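Asks:
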Amino acid sequence: MRKLKILMIGAHPDDPDGCGGGTALRFVARGDEVRFLSVSDGSAGHQSMAPAPLAARRRKEADGVAALIGITYDVWDIPDGEVEATLENRRRMVRYIREYAPDLVITHRNNDYHADHRNVALLVQDASYLLTVPNFCPDTPILPQMPVIAFFADRFKQPPFRADVVVPIDEMVDKKYEVLRCHESQYFEWLPFNKGTLDTVPEGAEARAEWFRNPRIPRDRVLTPEDLNIGVTPSNHSEYRMARAAVLYRDVLRAQYGDAADKVLFAEAFEISEYGKQPKKADLATLFPL
């Protein structure tokens, strides 16, 4: 199998990691080339740090992820909270994707609570066809065809997310938690503050790692959707949350793996977009590490 080029595009540093980090680790283990892009600099999300030092800190956190798992992690200079689907940003996105020439692009869906997420999705959508148009950004060579574009899973209902591919990440879940912990400013400071749970965050790396992951899911039975309510915890990244895709999309896993699907504990799900290259069902096994 030839080496693929995978591009995960998020609005903020930690978005690609949280939504697709386990799958990214599987791509890397398979020998594929992986790149993360954060379209904003992440400079708004903190209760006490000013934008400039926060952006520098988040850049350093992204660099830590890149070094940990062996990928490229790019962060653009657009201020956090100010991502817009402008013509200037469309050109920037077209040039960026053309220069990297990925086989697969994974990003947010258009219906999302966060304006940055929505506008990143729209930028990718607006760029998709233009990747093949010579007179748009003629300074950057076109791609011979659009890449396949997929969406990260989310919980929004208008319209609901559709799981076309579910990737088991059991063997990568420990490493994914390690990746997420690189984003210390977010997972142990800003997000707990924003949720009103900052007082529950313990001191010390070991205690924080356990707090972040708890409660752990049982290993002696298959979880049901009702079990997922247990995963609403102060950190909001318990093992129950990491198991969500495997629980909700067990039918897709069974279609992919048969009875072995019931042994999958952790997974990440993706929806194939209508505005990229349309893969045949057999192509998905080549594109994704299934």
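Throughout the sequence shown, residue numbering follows my numbering, covering 19 to 308 in sequence. Ideal Cβ positions, reconstructed from N, Cα and C, are used throughout, including at glycine. Model, not experiment: these values are computed from the prediction.
Can you tell me whether P307 is buried or exposed? The criterion is at least 16 other CB atoms within 10 Å of its CB, across all chains shown.
Replies: Residue 307 sits at position 289 when you count from the first residue of the sequence shown. P307 comes out buried.
Asks: Going by the CB atoms, is the gap between G38 and E286 shorter than 9 angstroms?
Replies: Locating residue 286 in the sequence shown gives position 268, where the first residue counts as 1. Locating residue 38 in the sequence shown gives position 20, where the first residue counts as 1. Cβ distance < 9 angstroms, so E286 and G38 count as in contact.
Asks: May I ask you to report which of helix, strand or coil DSSP gives T251?
Replies: Position 233 of the sequence shown, counted from the first residue, corresponds to residue 251. Of the three classes helix, strand and coil, the one that applies to T251 here is coil, per DSSP.
Asks: Would you call P342 buried or exposed, if buried means 16 or more other Cβ atoms sit within 10 Å of its Cβ?
Replies: Past the boundaries of the shown model lies residue 342; the chain is included only from 19 to 308, so the question cannot be answered.
Asks: At the level of alpha carbons, what is the spacing between D35 and E102?
Replies: In the sequence shown, the residue the question calls residue 35 occupies position 17. In the sequence shown, the residue the question calls residue 102 occupies position 84. Their Cα atoms are separated by approximately 22 angstroms.
Asks: In the DSSP assignment, what are the bridge partners of I89?
Replies: Counting from 1 along the sequence shown, the entry for residue 89 is found at position 71. Note: I89 sits in no beta bridge, so no partner.
Asks: For L148, which residues in the same chain have their Cβ closer than 7 angstroms to its Cβ, ignoring the five residues on either side in sequence?
Replies: The residue labelled residue 148 in the question sits at position 130 within the sequence shown. For L148, where only same-chain residues beyond five positions count, the Cβ hits under 7 angstroms are V112 and F154.
Asks: To the nearest angstrom, how far is the alpha carbon of R110 from that of D245?
Replies: By one-based count along the sequence shown, residue 110 stands at place 92. By one-based count along the sequence shown, residue 245 stands at place 227. If you take the alpha carbons of R110 and D245, they lie about 43 angstroms apart.
Asks: May I have the straight-line CA-CA distance separating R239 from L283, to the nearest angstrom?
Replies: As a working note, residue 239 is residue 221 in the sequence shown. As a working note, residue 283 is residue 265 in the sequence shown. Roughly 10 angstroms between the two C-alpha positions.
Asks: By the three-class DSSP mapping on this structure, what secondary structure does D98 have?
Replies: For the purposes of this step, residue 98 is taken as the residue at position 80 of the sequence shown. Coil.
Asks: Tell me whether T41 is buried or exposed, calling it buried when 16 or more other Cβ atoms sit within 10 Å of its Cβ.
Replies: Here residue 41 is taken as the residue at index 23 of the sequence shown, counted from 1. Buried, because 16 or more other Cβ atoms sit within 10 Å of the Cβ of T41.
Asks: Would you kindly work out how many angstroms separate the C-alpha atoms of R108 and P156, rounded to a whole number?
Replies: For the purposes of this step, residue 108 is identified with residue 90 of the sequence shown, where counting begins at 1. For the purposes of this step, residue 156 is identified with residue 138 of the sequence shown, where counting begins at 1. One C-alpha to the other measures close to 14 angstroms.
Asks: Out of I290, I235, A139 and V46, point me to the one whose CA is closest to A85's CA.
Replies: In the sequence shown, counting from the first residue as 1, residue 85 sits at position 67. Among I290, I235, A139 and V46, the Cα nearest to that of A85 is on V46.
Asks: Could you give the residue range of the beta strand (DSSP E) that holds M26?
Replies: Against the sequence shown, residue 26 aligns to sequence position 8. Element bounds for M26: K23 to G28.
Asks: For T104, name the three-state secondary structure that DSSP assigns.
Replies: Taking the sequence shown and counting its residues from 1, one reaches residue 104 at position 86. Correct three-state label for T104: coil.
Asks: Which residues does DSSP pair with P186 in a beta bridge?
Replies: Numbered from its first residue, the sequence shown carries residue 186 at position 168. BP columns for P186 point to A285.
Asks: Go ahead and pull the three-state DSSP assignment for L308.
Replies: Locating residue 308 in the sequence shown gives position 290, counting from the first residue. In the structure shown, L308 sits in coil (DSSP, three-state: anything other than H, G, I, E or B).
Asks: Roughly how many angstroms separate the alpha carbons of Q163 and A223, rounded to a whole number?
Replies: Residue mapping note: residue 163 aligns to position 145 of the sequence shown, counting from 1. Residue mapping note: residue 223 aligns to position 205 of the sequence shown, counting from 1. Between Q163 and A223, the C-alpha separation is close to 46 angstroms.
Asks: Go to T41, then tell me how far its beta strand (DSSP E) extends in each direction, as first and last residue.
Replies: On the sequence shown, position 23 is the one that residue 41 refers to. Taken as a continuous stretch (DSSP letters only), T41 belongs to no beta strand (DSSP E), being part of the alpha helix (DSSP H) at D33 to R48.
Asks: DSSP state of F54, grouped into three classes?
Replies: If you number the sequence shown from 1, residue 54 lands on position 36. The answer is strand: DSSP assigns F54 an E or B state.
Asks: Out of V138, K295, T150 and W208, point me to the one whose CA is closest to W94's CA.
Replies: On the sequence shown, residue 94 is found 76 positions in, with the first residue counted as 1. Among V138, K295, T150 and W208, the Cα nearest to that of W94 belongs to V138.
Asks: Considering only residues of the region 163-217, which uninterrupted beta strand (DSSP E) runs meet the minimum length of 3 residues and lie entirely inside it, listed in chain order?
Replies: Listed in chain order, the complete beta strand (DSSP E) runs (minimum 3 residues) inside the region 163-217 are 166-170 and 183-186.
Asks: Pull up the distance between the alpha-carbon of I167 and that of D269, whole angstroms please.
Replies: The residue you call residue 167 lines up with position 149 of the sequence shown. The residue you call residue 269 lines up with position 251 of the sequence shown. Using only the alpha carbons, I get a separation of about 23 angstroms.
Asks: Would DSSP call I160 helix, strand or coil?
Replies: Numbered from its first residue, the sequence shown carries residue 160 at position 142. Coil, per DSSP.
Asks: Could you name the residues of the same chain whose beta carbon sits closer than 7 angstroms to that of A261, not counting the 5 residues immediately before and after it, in chain order?
Replies: The residue labelled residue 261 in the question sits at position 243 within the sequence shown. Excluding positions up to five away in sequence, the list reads I235, L241, L283 and F284.
Asks: Write down the C-beta distance between F169 and Y195 rounded to the nearest angstrom, noting that I regard them as a contact closer than 8 angstroms.
Replies: If you number the sequence shown from 1, residue 169 lands on position 151. If you number the sequence shown from 1, residue 195 lands on position 177. So it is not a contact: roughly 23 angstroms between Cβ atoms.
Asks: Per DSSP, L122 forms a beta bridge with which residues?
Replies: Taking the first residue of the sequence shown as position 1, residue 122 is located at position 104. Bridge partners of L122: I24 and V166.
Asks: On the three-state DSSP scale, how would you describe I115?
Replies: Your numbering for residue 115 matches position 97 in the sequence shown. Correct three-state label for I115: helix.
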